[in-house]
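The structure under discussion appears below in the form of structure tokens.
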């Protein structure tokens, strides 16, 4: 006997609906795209198709582990939590504790709901995450311009006439900070209705090959290119903001220093192309500019993200159909906050500013290695592998050995968790409920879907219960964390005019909530209070309704909503935040700097997602391999063979070469997330590859955001057996 069930895929940002067939033992026998999902409409990628194999990975930890010397011992949950309690008790000063949150937290209910209470319970400002290795420039730019770091416009893909895309490869990544299932199909539809797609990238990626035009650009110079376009808009009187702004004159003045002829020398993009792009953006009926990780993880990442939104504003395309729009997620609720601020505190060693409550992961090793008051001695990681994902990972690998105690919530014994004293494994995917609290805030169409657990926990605590238990241990309190959080949310909502429940009794409202778990009840509360919720008086959305619609609900196309999104103190768009205008001087200072002979960039694979999918046999091999892409002209010029030695200021690697004319001369590309030699994960160990972050430099960051720099890293390339100094 078999059963057919439906759930959202949790493996990337596309939130595709899946239809799974389970046998009577609960094993996945097939995975297909859910054709009845109104958002993904049956689309599926190789990652989603492999969900069953990932879920039943034999190397996945089933019980907690405690390290004793070089050996690991399986223990029960009570003993594991007792060990955590004892380890935390060794820390006399909570300033010596730290948290690292990895990328999968954005793909889980537990990560979205319990991360903040856990950090608060630990009482530490040493919070690090994958955000400062990926996307913090976008959050900083949005926070400074719109007043909130999550007020991130997304391209209205289904209605736009013109899309300029920089440093993004959604045919491989499935989208990033832009939730769009079947991104390839949406781009093809754009072109099919007569629209135009232009991709700017140092590589002719699969996305670039699909485009109407691909523009090669030197890595790390996107801000110069964007400024050249802004300059042209002003010079040709094409700037037409459709919303009130502060700072238009300041942006105009800053752009004077970046004429197309000058930035052409820095970017490698012909001046006439820069001018034409400006005219096309201004002249299209609707248009949007979208940029992602290739532009974020560069020396001027925040300026690039700022200029993306400056262009959307100047062309009149912000907050209009077919332009760059703000989604309205179903769980959005909250009173108007005070204006965004950053740099409220700084890191102890390098003095790097906080952004969004986080410190840059580029300084995590400094904080562990440097003695003194506040030196990190206790580290908790949740679903993260910074040894492979953070800059100069080899240094972090050694630094973790210095910790007094380390706890990891993770399903694997990997390059980071091998340093832990205690590993707490979350349950399998199919044993977990799923709702995309974070990703639906970046969706190109308003949508909601909840996937309840498909299999029983069988005595295993849920991930939510694990994080809640850790929070209670850290706080020294007893009780039900969910009950406390729910009562606090209800109390605030009851005191908020316009919430729909103002003045009502908290206990009465609490009793109305549905859900088998605390996490489900919290979801029910957020849905009811949200913009489509039954308590808000604007709809009838609740957990019950989502359970009754297992394929998800289409909540409509994006609509203009800038006034309710803006959180700036002025109430208008801040087009020229002082922190960014100040950083323009740094950009100007490097305008005429000669580019390095060869620079390194990363790349995405369709069947990969950072380091956490390399233990699934169906997702490794083929095109998903750890090779150094290099232009054939560079191979010939440097006298290279099948392998080469890549040397940076921080490290050296020997890597197999993949000559291809899809990459610019003077640029080489190595994928991210590899380096599994000696891993306890059997498949990953067989396809080990090398870690690109043996080469990246933790001392080089994007100044405003503190984001690590992974693109445009200067390197030298030499034949094996011939090692050159860097």
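Numbering (our numbering), first residue to last: 1039 to 1764. Where a beta carbon is used, it is the ideal one built from N, C-alpha and C, also for glycine.
Per DSSP, which one or two residues make a beta bridge with residue i?
i	result
residue 1446	1419, 1461
residue 1694	1681
residue 1202	1236, 1327
residue 1356	1362
residue 1106	1109
residue 1135	1416
residue 1220	Residue 1220 is not bridged to any residue.
residue 1467	Beta-bridge pairing links residue 1467 to no other residue.
residue 1251	1236
residue 1594	1484
residue 1757	1682
residue 1056	1045, 1071
residue 1451	In the DSSP output, where bridge partners are listed per residue, residue 1451 has none listed.
Is the beta carbon of residue i less than 8 Å from the beta carbon of residue j?
i	j	result
residue 1538	residue 1573	yes
residue 1289	residue 1348	yes
residue 1505	residue 1148	yes
residue 1343	residue 1176	yes
residue 1471	residue 1557	yes
residue 1444	residue 1417	yes
residue 1259	residue 1316	no
residue 1749	residue 1049	no
residue 1596	residue 1690	no
residue 1228	residue 1202	no
residue 1170	residue 1744	yes
residue 1156	residue 1421	no
residue 1424	residue 1454	yes
residue 1183	residue 1371	no
residue 1476	residue 1144	yes
residue 1158	residue 1378	no
residue 1057	residue 1040	no
residue 1140	residue 1419	yes
residue 1219	residue 1366	no
residue 1552	residue 1581	yes
residue 1618	residue 1408	no
residue 1327	residue 1351	no
residue 1449	residue 1500	no
Can you grab the Cα-Cα spacing for the pair residue i / residue j, in whole Å?
i	j	result
residue 1663	residue 1521	47 Å
residue 1669	residue 1135	46 Å
residue 1355	residue 1437	47 Å
residue 1519	residue 1427	31 Å
residue 1126	residue 1161	12 Å
residue 1665	residue 1653	18 Å
residue 1318	residue 1085	36 Å
residue 1255	residue 1706	13 Å
residue 1825	residue 1045	Here the chain has residues from 1039 to 1764 only, and residue 1825 is not among them.
residue 1650	residue 1402	21 Å
residue 1224	residue 1198	10 Å
residue 1212	residue 1275	37 Å
residue 1174	residue 1393	8 Å
residue 1395	residue 1163	8 Å
residue 1709	residue 1696	12 Å
residue 1092	residue 1312	45 Å
residue 1698	residue 1243	11 Å
residue 1679	residue 1693	11 Å
Determine the closest residue to residue i out of the options, with distance taken between C-alpha atoms.
i	options	result
residue 1747	1678, 1673, 1679, 1638	1638
residue 1130	1490, 1412, 1558, 1222	1412
residue 1752	1298, 1744, 1738, 1232	1738
residue 1513	1123, 1578, 1075, 1328	1123
residue 1632	1111, 1477, 1300	1300
residue 1703	1729, 1685, 1672, 1690	1672
residue 1688	1718, 1734, 1695, 1388	1734
residue 1206	1168, 1231, 1220, 1246	1246
residue 1387	1380, 1399, 1128	1399
residue 1441	1547, 1456, 1682	1456
residue 1248	1314, 1234, 1609	1234
What whole-angstrom Cβ distance do residue i and residue j have, given they're in contact under 8 Å?
i	j	result
residue 1700	residue 1382	The Cβ separation is near 44 Å, so there is no contact.
residue 1353	residue 1320	5 Å
residue 1080	residue 1072	6 Å
residue 1330	residue 1478	Not quite, the Cβ-Cβ distance comes to about 18 Å (not below 8 Å), so this is no contact.
residue 1741	residue 1621	6 Å
residue 1105	residue 1458	6 Å
Is residue i near the ligand MN, with its Cβ less than 7 Å from a heavy atom?
i	result
residue 1623	Although the ligand MN was asked about, the structure shown includes no ligands whatsoever.
With 8 Å as the threshold, decide whether the Cβ of residue i is near any Cβ in chain B.
i	result
residue 1288	Note that chain B does not occur in the displayed structure, where there is just one protein chain.
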